[in-house]
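Shown next, in structure tokens, is the structure this report addresses.
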Amino acid sequence: MLATNGRLKLALQRSGRLTEDTVRILRLCGLTFEFSKQSLYSPCSNFNLDLLAVRDDDIPEYVLDGVADLGIVGENILRERTANRKILLPLGFGMCRLMISVPQRSSIKKVRDLSGKRIGTTYPFTLRSYLAENKVNADIVELSGSVELAPTLDVADAICDIVSTGSTARMNGLRPIIAVMNSQAVLVANPKSLRDKKKGTLIDRLLIRLRGCLEAQGKRYLMMNAPADAVPQLQRIIPSLKSPTVVPLAERGMVAVHSVVAEDVFWDVMERLKQAGASDIIVVPIETIIR
Ligand code: PRT
Ligand code: ZN
């Protein structure tokens, strides 16, 4: 049941692929807490929120039942485990795809070819609805782990499992051929908590912080000095420099130009900025952007 002391409870993966990035983004939001795999609860000292560290598979249900108000979990687990698909915010990490893979020499090439075949998976619910959508009748073999071994053991003709780099599939002589769904870590909420006045307000505050951190990702704050008449040219070199802050310097005819730029763009154009007259170029990381 929901705690009655007005503090939010956020369920996160105790120990696994999502743990580090989840803890990192919460800390980036300014939350102060000690996190250890050993403790179930980690209270935040500067926000009315407690972290609840659990298996990722349990998170959707805990959020739906109100054991936790919020949860951070992979969309793949969310879809498999609960009908609650209401995603508050995609978080941009834990990227992967649920894919159907077949042995290298398999004659299975398209969804239709799966008809009458056995598919091993730990995602029976998601796979069943995917096959139904595609009007394919196949046998779903429910497994609890080591799915990639199923074809070698002749337990299945194909598998449906998470793929990220594809190296596990390759190492097991498998070829991913069909993407069932794309997935990333997402923030989900209990609907009652969202409607609760106190908790709803806390969730909104947390959302503003999380959006700010996501907005800042991949961006840098760029500062440089340049002759005032070079500004239009600098803007042509970095198109995202639409409305830079331009401040006059003590030296006549010189200005300081400040703007937010995408980090990947910046490295490509640094030389050209210098040729256009920019000097003392400084690039600094941005923690958050609140719009
Ligand atoms: O103990 P707990 O139940 O909490 O953790 P878990 O072991 O069930 O999950 P974990 O930590 O492995 O993954 C947590 C979440 O990370 C998943 O639900 C996905 O949302 C996401 N994620 C991102 C991945 C991967 N990438 C991933 N590569 N989850 C699993 N894998 C596995 C996949 O199952 C396969 O065995 O990695 C292998 C494939 O990886 P590649 O890189 O070889 O293709
Ligand atoms: Zn799990």
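First residue of the sequence shown: 1, per the working numbering; consecutive thereafter.
Note that beta-carbon positions come from the ideal geometry of N, C-alpha and C, so glycine has one too.
Can you name, in chain order, every residue of its own chain whose Cβ lies under 7 Å from the Cβ of residue i, other than the five neighbours on each side?
i           : result
residue 178 : 99, 100 and 111
residue 16  : 56
residue 212 : 288, 289 and 290
residue 125 : 80
Closer than 7 Å to a non-hydrogen atom of the ligand PRT - does that hold for the CB of residue i?
i           : result
residue 74  : yes
residue 160 : no
residue 186 : no
residue 25  : no
residue 13  : yes
residue 16  : yes
residue 168 : yes
residue 163 : yes
residue 144 : no
Which residues in the same chain as residue i place their Cβ atom closer than 6 Å to its Cβ, once the five residues preceding and following it in sequence are excluded?
i           : result
residue 96  : 162, 164 and 183
residue 2   : With a pLDDT of 47 at residue 2, under the threshold of 50, the modelled position of that residue is not reliable, and no figure is offered here.
residue 18  : 94 and 185
residue 131 : 138
residue 245 : 258
residue 13  : 19 and 56
residue 22  : 12 and 72
May I ask which residues mark the beginning and end of the beta strand (DSSP E) holding residue i?
i           : result
residue 141 : 139–142
residue 60  : Where residue 60 is concerned, there is no enclosing beta strand (DSSP E), although the alpha helix (DSSP H) it sits in stretches over 59–65.
residue 119 : 118–121
residue 161 : 158–163
residue 279 : 279–285
Should residue i be listed as close to the ligand ZN, given that the test is whether its C-beta is under 7 Å from any heavy atom?
i          : result
residue 57 : yes
Ignore the nearest five residues each way along the sequence and tell me which others in residue i's own chain have a CB closer than 8 Å to its CB.
i           : result
residue 206 : 8, 29, 47, 49 and 70
residue 141 : 118, 119, 120, 121, 150, 155 and 156
Specify, as a first and last residue, the run of the alpha helix (DSSP H) that residue i falls within.
i           : result
residue 129 : 124–133
residue 25  : 19–28
residue 234 : 231–237
Who does residue i pair with in a DSSP beta bridge?
i           : result
residue 72  : 187
residue 54  : 13
residue 168 : According to DSSP, which records beta bridges pairwise, residue 168 is partnered with nothing at all.
residue 219 : 262
residue 43  : 50
residue 90  : 186
Report yes or no: do three or more beta-carbon pairs, one from the region 213–233 and one from the region 63–79, lie closer than 8 Å?
no
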